[in-house]
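Student: Starting off with a structure, shown below.
In the working numbering, the protein residues as written are 84 to 344.
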């Protein structure tokens, strides 16, 4: 009977977790849907704002074009949906946090919540860096590099795919400090081991920049250098975290020894 009761308890707990996960996913979908519906009215304005860095550097009397029949209508709505997901990231991360928090220890909760907030801010910073810093440099270079007699007229769907790829690439690459701290936190590496890998990290940053950015040295460097600097920031904070962890461990051991005495 005890084994049957334990199995039923485990099954009920598993089902309750699935129900909670379903509810939180529905909340995320509802949030994204509401924001998307609010943005649909301004879909064309949002697209014009995102396309601003390219339009400023296009030659005179040159415009963007729409090759597909439905792209003038569908492309702005696609951007509105992606923008709704970007805006909903704090809600998405909060729902994730609320789902996993009950299964974490107290000291883990103190670390995970700041990491979630920092990862959200870093992602937005990466997107802003791509839009305000990288895009003007890239588009000025690419439009100036066009051969004589070639009219620069970019398709709106192609441009959106390019812009979203760049936003996602810079947003993820700006998460380097979080990845560094998490690796130290989980015990995979130590800050000293990470410092020894600095030359490989710099080379890897330029390789990643080569694959994620257009084939020009400007955009590649604009992604590689921030990644390297963010790695150094993550290394600095991981060292502080490692010292704090050691101090907490020593304090807990001293408290146990005092109780035993």
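Backbone N, C-alpha and C define an ideal beta-carbon position, used for all residues, glycine too.
1. So, under 8 Å CB-CB, residue 194 and residue 268 are touching, yes? Tell me the CB distance rounded to an integer number of Å.
2. Report all residues from its chain with a CB closer than 7 Å to the CB of residue 234; omit the five preceding and five following residues, and keep chain order.
3. Rounded C-beta distance between residue 205 and residue 261? I'm assuming under 8 Å.
4. Can you list, in chain order, the residues of its chain whose CB lies under 8 Å from that of residue 278, leaving out five sequence neighbours each side?
5. Keeping to the same chain, check which residues put their C-beta closer than 7 Å to that of residue 168; ignore five residues upstream and five downstream.
6. Can you confirm whether the segment 148-164 touches the segment 124-131 when touching is taken to mean that 3 or more C-beta pairs between the two stretches lie within less than 8 Å?
7. Which class does residue 151 belong to by DSSP, given the choice of helix, strand or coil?
8. Nearest-angstrom Cα distance between residue 315 and residue 98?
9. If residue 213 sits next to residue 250, beta carbons under 8 Å apart, how far is it from one beta carbon to the other, in whole angstroms?
10. Are residue 240 and residue 154 close, meaning C-beta to C-beta below 8 Å?
11. Could you tell me the alpha carbon to alpha carbon distance between residue 307 and residue 252, rounded to whole angstroms?
12. Count Cβ pairs between the segment 224-234 and the segment 168-182 that sit closer than 8 Å; are there 3 or more?
13. Beta carbon of residue 137, beta carbon of residue 248: below 8 Å?
14. Is the beta carbon of residue 182 closer than 8 Å to that of residue 103?
15. Buried or exposed: residue 352, going by 16 or more other Cβ atoms within 10 Å of its Cβ?
16. Are the beta-carbon atoms belonging to residue 313 and residue 222 less than 8 Å from one another?
17. Find the nearest neighbour of residue 122 within the set 140, 106, 170, 139, judged by alpha-carbon distance.
18. Using the DSSP secondary-structure output, state which residues sit across from residue 238 in a beta bridge.
19. Checking 8 Å against the spacing of the C-beta atoms, do residue 289 and residue 303 come in under that value?
20. Going by C-alpha to C-alpha distance, which of 300, 271, 189 sits closest to residue 224?
21. With DSSP collapsed to three states, give me the class of residue 128.
Tutor: So, from the listed chains and residues:
1. That pair is a contact at about 7 Å.
2. Result list for residue 234: 145, in chain order.
3. That pair is a contact at about 7 Å.
4. Within the same chain, 318 come within 8 Å of residue 278 by CB-CB distance, once the 5 residues on both sides are set aside.
5. 115, listed in sequence order.
6. When Cβ pairs closer than 8 Å are counted between the two stretches, the segment 124-131 is seen to touch the segment 148-164, the count reaching three or more.
7. If DSSP states are grouped into helix, strand and coil, residue 151 belongs with coil.
8. A straight line joining the alpha-carbon of residue 315 with that of residue 98 spans about 44 Å.
9. For a cut-off of 8 Å, the C-beta gap from residue 213 to residue 250 is around 6 Å, short enough to register as a contact.
10. In this structure, residue 240 lies near residue 154, with their beta-carbon atoms less than 8 Å apart.
11. Distance between the alpha carbons of residue 307 and residue 252: 11 Å.
12. Output reads no: the segment 168-182 does not touch the segment 224-234.
13. In terms of Cβ geometry, residue 137 and residue 248 do not form a close pair [threshold 8 Å].
14. In terms of Cβ geometry, residue 103 and residue 182 form a close pair [threshold 8 Å].
15. This structure does not reach residue 352, given that the chain is present from 84 up to 344, and the question cannot be answered.
16. No.
17. Cα-wise, what sits closest to residue 122 is 170.
18. Here residue 238 is bridged, per DSSP, to 148.
19. Yes; because the gap between Cβ atoms is below 8 Å, this pair is in contact.
20. Comparing alpha carbon positions, the residue from 300, 271, 189 closest to residue 224 is 300.
21. Of the three classes helix, strand and coil, the one that applies to residue 128 here is helix, per DSSP.
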